[in-house]
Amino acid sequence: MLNATPILEADRLVKIFGDSTALDGLSFKVGTGESLGLLGVNGAGKTTAMNLLLGLTTPTSGTIRIFGKDFWKHRIEILKQVNFSSAYTSLPSNLLVWQNLNVFARLYGVRQPKQKIDELLELLEITHLWKSVTGKLSAGESTRVNLAKALLNEPRLLLLDEPTASLDPDIADRVRKLLRKLQLEKGLSILYTSHNMRDIEEVCDRLIFLHGGKVLAEGTPGEVHERFHRSSLEDLFIGVARGEISEIGKKLIER
Numbered sequence: 075m076l077n078a079t080p081i082l083e084a085d086r087l088v089k090i091f092g093d094s095t096a097l098d099g100l101s102f103k104v105g106t107g108e109s110l111g112l113l114g115v116n117g118a119g120k121t122t123a124m125n126l127l128l129g130l131t132t133p134t135s136g137t138i139r140i141f142g143k144d145f146w147k148h149r150i151e152i153l154k155q156v157n158f159s160s161a162y163t164s165l166p167s168n169l170l171v172w173q174n175l176n177v178f179a180r181l182y183g184v185r186q187p188k189q190k191i192d193e194l195l196e197l198l199e200i201t202h203l204w205k206s207v208t209g210k211l212s213a214g215e216s217t218r219v220n221l222a223k224a225l226l227n228e229p230r231l232l233l234l235d236e237p238t239a240s241l242d243p244d245i246a247d248r249v250r251k252l253l254r255k256l257q258l259e260k261g262l263s264i265l266y267t268s269h270n271m272r273d274i275e276e277v278c279d280r281l282i283f284l285h286g287g288k289v290l291a292e293g294t295p296g297e298v299h300e301r302f303h304r305s306s307l308e309d310l311f312i313g314v315a316r317g318e319i320s321e322i323g324k325k326l327i328e329r
């Protein structure tokens with residue numbers, strides 16, 4: 075059940091690369107047990123935000139608190155309870171699937187790693203892949219193995235970057251339903267980036283639409299597209315990408 079207590083708080087995050095400002099005062103919160111979507115066209119700041127939350131880069135200014143603690147002061151402690159999966163990252167290609175998962179399970183300090191691996195392979199319907207060479211998996215298979223890796227340590231906060239990007243419609247639907255089930259049953263908090271509007275609508279309780287490193291709009295998927303008088307999130311996305319609603323966006327940001 076969704077709890078309003080924030081598990082993640084980003085406050086006035088700024089990230090500047092040379093002459094380019096990737097994030098410009100970004101603030102948002104993720105509640106305990108909430109699934110929050112980060113939506114935006116390419117270059118909106120989604121990946122930069124994810125990298126900051128994973129500690130892969132440092133903000134130019136601003137603060138991040140996770141589990142009520144300053145991220146940079148308690149980074150190792152926090153990241154033990156966080157995990158990440160992306161359709162664009164790969165596990166070591168020369169290992170078998172079970173070997174890869176076993177390595178990560180031991181790195182995460184998972185008790186009874188074999189039992190946990192077996193449970194996740196079954197949950198993600200990829201038990202038949204356990205002896206497959208990771209580098210020879212299809213894109214969809216690799217995505218599900220990455221998700222299994224991300225769930226090994228039973229994270230309190232799961233960061234997902236385009237998790238269904240390479241999945242066919244059937245498997246994508248299964249993954250969305252699984253993520254929603256884990257969120258509701260285990261109180262899992264999720265930060266979810268995607269260009270797939272169906273992902274956002276079915277998995278996310280709330281979304282933030284980023285544009286130019288700032289928050290363009292925030293609310294439930296329905297609230298956001300209605301605020302711009304658009305028929306759907308996809309229609310809104312296209313409008314932003316084509317510059318058709320930039321003036322509305324500027325006014326919204328100024329408020």
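Numbering-wise (the working numbering), the sequence shown opens with residue 75 and increments by one.
All residues carry an ideal CB built from backbone N, CA and C; glycine is no exception.
Values in this document were obtained by computation on a predicted structure and should not be read as measured data.
For the candidate residues the options, whose alpha-carbon lies nearest to that of residue i?
i: R254; options: D244, I274 and E236; result: I274
i: Q173; options: K205, T121 and V156; result: K205
i: N176; options: I138, P166 and P187; result: P187
i: R149; options: G129, T163, P133 and S160; result: G129
i: D144; options: Q189, D85 and V115; result: D85
i: G114; options: G286, Q189 and Y182; result: G286
i: A123; options: Y182, S101, A246 and G313; result: S101
i: S164; options: Q257, H299, D235 and A315; result: D235
i: K89; options: A224, T121 and L169; result: T121
i: L225; options: V104, L310, S160 and L284; result: S160
i: L82; options: Y182, S94, T95 and G105; result: G105
i: S38; options: F311, H202 and H299; result: Residue 38 cannot be examined here, being either before or after the span of the chain that is shown, 75 to 329.
i: I111; options: R304, W146, V298 and D244; result: The amino acid at residue 111 is misidentified as Ile; the sequence shows Gly. It is V298 whose Cα lies nearest to the Cα of G111.
i: R272; options: P243, H202 and E215; result: P243
i: E199; options: Y266, F178, I152 and V249; result: V249
i: L197; options: S305, I245 and N116; result: I245
What's the gap between the Cα of residue i and the Cα of residue j?
i: G107; j: L281; result: 14 angstroms
i: L307; j: A239; result: 17 angstroms
i: F158; j: F302; result: 32 angstroms
i: A118; j: V277; result: 21 angstroms
i: R180; j: I191; result: 11 angstroms
i: S109; j: G92; result: 33 angstroms
i: G217; j: G142; result: Here residue 217 is Thr; the residue named in the question, Gly, does not match the sequence. Cα to Cα, T217 sits roughly 31 angstroms from G142.
i: R139; j: L284; result: 20 angstroms
i: N227; j: N168; result: 23 angstroms
i: G313; j: R185; result: 49 angstroms
i: N270; j: K103; result: 22 angstroms
i: P80; j: W146; result: 18 angstroms
i: V219; j: G99; result: 35 angstroms
i: E318; j: G296; result: 20 angstroms
i: S94; j: R316; result: 21 angstroms
i: I152; j: Y266; result: 19 angstroms
i: L258; j: L231; result: 13 angstroms
i: L241; j: L87; result: 32 angstroms
i: H202; j: L256; result: 22 angstroms
i: S305; j: G214; result: 31 angstroms
i: Y71; j: E300; result: Only positions 75 to 329 of the chain appear in the structure, and residue 71 is not among them; the question remains open.
Can you check DSSP and say which residues form a bridge with residue i?
i: G105; result: P80
i: V289; result: L284
i: G111; result: Y266 and L281
i: K89; result: L97
i: R304; result: None, per the DSSP bridge assignment.
i: T137; result: D85
i: V334; result: Residue 334 cannot be examined here, being either before or after the span of the chain that is shown, 75 to 329.
Would you please state the rounded distance, in angstroms, between the beta carbons of residue i and residue j? I believe it to be under 8 angstroms.
i: Q155; j: P229; result: 6 angstroms
i: A222; j: L194; result: 4 angstroms
i: L97; j: L233; result: Between L233 and L97 the Cβ distance is about 16 angstroms, and since that is not below 8 angstroms, they are no contact.
Closest Cβ-Cβ distance between residue i and chain D: below 9 angstroms?
i: N168; result: You won't find chain D in this structure, because it holds only one protein chain.
Pairing CB atoms from the segment 205 to 223 with CB atoms from the segment 123 to 139, are three or more of them under 8 angstroms? With the cut-off at 8 angstroms, the segment 205 to 223 and the segment 123 to 139 do not touch.
Given 8 angstroms as the limit, is there contact between the segment 283 to 300 and the segment 244 to 263, that is, 3 or more CB pairs closer than that? No, they do not touch.
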